[in-house]
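Under the UniProt record's numbering, the first residue of the sequence shown is numbered 1, with each subsequent residue one higher. Read the structure below first, then the notes.
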Amino acid sequence: MRNLFISKKMIEIESDRMSVCMADDMYKHNIFSEFPENISMEVLINKLLEIHPLTKHWAVWAGNHETHIHIKDIDGNWLIDKKMTIKKFFRDVDKYVYFYR
């Protein structure tokens, strides 16, 4: 019964992707989602790929234009520890994930 009153801490992540053509509606691919803070970066990226399926083979980075971290390269190689929790990863990085082709 006690578990009913324990809430998971959530982190809101903004995700976006590069436009693919002139007719691509920029406003439709900027999405805000909430995730439990203890999930891994691998789980987060896989969940975001479900939201942005077009970006399966794209590079992924997080942060902003001045301070960003590359997460995966275009070949799918992880450039960070994919088992790191999102709470730890986003401690010093803006909660923004961008998919780039």
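All residues carry an ideal CB built from backbone N, CA and C; glycine is no exception.
Length of the line joining the Cα atoms of residue i and residue j
i: Gly63; j: Val97; result: 7 Å
i: Asp73; j: Thr55; result: 12 Å
i: Phe89; j: Met41; result: 8 Å
i: Pro36; j: Arg91; result: 14 Å
i: Arg101; j: Val60; result: 9 Å
i: Glu34; j: Thr85; result: 14 Å
DSSP-derived helix/strand/coil call for residue i
i: Glu37; result: coil
i: Val60; result: strand
i: Thr67; result: coil
Same chain only: Cβ atoms within 8 Å of residue i, ignoring 5 sequence neighbours per side
i: Ser49; result: Note that residue 49 corresponds to Leu in the displayed sequence, not to Ser. Hits under 8 Å: Thr55 and Lys56.
i: Asp81; result: Met41
Close Cβ partners of residue i (< 7 Å) along its chain, the five nearest in sequence each way excluded
i: Lys95; result: Ile11, Glu12, Ile13 and Glu14
Which residues DSSP lists as bridging residue i, in chain order
i: Gly76; result: DSSP, once it has assigned bridges, lists no residue as partnering Gly76.
i: Val43; result: In the DSSP output, where bridge partners are listed per residue, Val43 has none listed.
Segment limits, beta strand (DSSP E) that includes residue i
i: residue 117; result: With the chain running from 1 to 101 in the structure shown, residue 117 is simply not present.
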